[in-house]
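Q: If you count the sequence shown from 1, position 17 lands on 17 in full-length UniProt numbering, and the numbers rise without skipping.
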Amino acid sequence: MSNRFLGTWKLVSSENFEDYMKALGVGLATRKLAVMAKPHVTISMKNDVITIRTQSALNSSEISFKLGREFEEITPDNRKTKLDSRQAAYVIVSLQTTITLDKGVLNQVQKWEDKETTIKRSLVDGKMMVVSVFSYP
Numbered sequence: 001m002s003n004r005f006l007g008t009w010k011l012v013s014s015e016n017f018e019d020y021m022k023a024l025g026v027g028l029a030t031r032k033l034a035v036m037a038k039p040h041v042t043i044s045m046k047n048d049v050i051t052i053r054t055q056s057a058l059n060s061s062e063i064s065f066k067l068g069r070e071f072e073e074i075t076p077d078n079r080k081t082k083l084d085s086r087q088a089a090y091v092i093v094s095l096q097t098t099i100t101l102d103k104g105v106l107n108q109v110q111k112w113e114d115k116e117t118t119i120k121r122s123l124v125d126g127k128m129m130v131v132s133v134f135s136y137p
């Protein structure tokens, strides 16, 4: 992983974030609060495990992972990842998340049911740019 990503980043602006959350099914009140939040994102690495911690007045979340390996995640909007039917009586949402680093872009892909979210983090002029795309295959 590139050390350029390591550190703390503050959201300055976002475009179409509310539309993205609406497509995910996030409720109106939560969307309005999330759009106003200006989270700090801290990316750290110990050995080959990367941690991304997001903190805002609305909520906090943390994921730890190894590049290229699927992992379990509970997203800030409470989508649960990789819930195994052998571990629970029922499965509401089964979501698989994988993060890779390709040509200086940290790509986070979340797949569930027939949907997919891609979150791309890149560094431009000392700022982290994040593009989130929701799609149906």
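Heads up, the beta-carbon is just placed ideally off N, CA and C, and yes, glycines get one too.
A quick note: this is a predicted structure, and the numbers were derived from the prediction, not measured.
Let me know if Lys32 comes out buried or exposed under the rule of 16 or more other beta-carbons within 10 Å of its beta-carbon.
A: With fewer than 16 Cβ atoms within 10 Å of its Cβ, Lys32 is classed as exposed.
Q: I'd like to know whether the C-beta atoms of Lys10 and His40 end up nearer to each other than 8 Å.
A: Yes. Within cutoff.
Q: Measuring alpha carbon to alpha carbon, tell me which of Ile119, Asn59 and Leu123 ends up nearest Val133.
A: Ile119
Q: Could you check the C-alpha separation between Asp114 and Gly25 for me, to the nearest Å?
A: 14 Å
Q: Can you list, in chain order, the residues of its chain with a C-beta nearer than 6 Å to that of Lys38? Leave out the 5 residues immediately preceding and following it.
A: Cβ neighbours of Lys38 beyond the five flanking positions: Leu11.
Q: Which same chain residues, not among the five before or five after Phe5, have their C-beta less than 8 Å away from its C-beta?
A: Taken in chain order, the residues that qualify are Ile43, Leu106, Arg121, Leu123 and Met128.
Q: Report the rounded CA-to-CA distance for Glu116 versus Lys22, giving the unit in angstroms.
A: Computed Cα separation, rounded: 14 Å.
Q: With a cut-off of 8 Å on the beta carbons, I'd call Ser64 and Val49 a contact; round off their distance for me.
A: 6 Å
Q: What do you reckon, are the CB atoms on Gln110 and Thr97 nearer than 8 Å?
A: Taking a C-beta distance under 8 Å as the contact criterion, Gln110 and Thr97 qualify as a contact pair.
Q: Here's the rule: buried if 16 or more other CB atoms are within 10 angstroms of the residue's CB, otherwise exposed. What is Thr8?
A: Under this definition Thr8 is an exposed residue.
Q: Do Ala29 and Leu58 have their C-beta atoms closer together than 8 Å?
A: no
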